[in-house]
Amino acid sequence: MSVSSAIPRDAFESYDEMVDEMIVEAAREGNDAAQEYLINKYKNFVRAKARSYFLIGADREDIIQEGMIGLYKAIRDFRNDKLASFRAFAELCITR
28 MSVSSAIPRD AFESYDEMVD EMIVEAAREG NDAAQEYLIN KYKNFVRAKA RSYFLIGADR
88 EDIIQEGMIG LYKAIRDFRN DKLASFRAFA ELCITR
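So the number in this note's numbering is just where the residue sits in the sequence shown, counting from 1, plus 27.
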């Protein structure tokens, strides 16, 4: 069972009104719904970034998985006191 199937759909509605930086803080405080919201919000962004990469012997899904790991690290490591937005920081983590 995935995390998203365990979290009610209406749990995400409150995040639509929030900025990403606030949602990241909630996710870092252990809010699974906030983390799942960010993962769902950025998964197409990760896929788009993965399309521009080619790795010999790797499946496209492997590259997407590496990008998703980068997204998890962005959620874990983002610091609100820096000048970069979460999206800019996430892009950096995803493409590394």
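The beta carbon of each residue, even a glycine, is placed where N, CA and C say it ideally should be.
Look at the beta carbons and you see the segment 64 to 75 touching the segment 92 to 105: at least three pairs across the two are nearer than 8 Å. Using a C-beta cut-off of 8 Å, the segment 103 to 113 makes no contact with the segment 74 to 91, since fewer than three inter-stretch Cβ pairs fall below that distance. Residue 45 sits in coil when the DSSP states are folded into three classes, being neither helix nor strand. With distances taken between CA atoms, residue 112 lies nearest to 51 out of 51, 44, 43. Of the residues assessed, residue 47 falls on the buried side of the cut-off, its CB having 16 or more other CB atoms within 10 angstroms.
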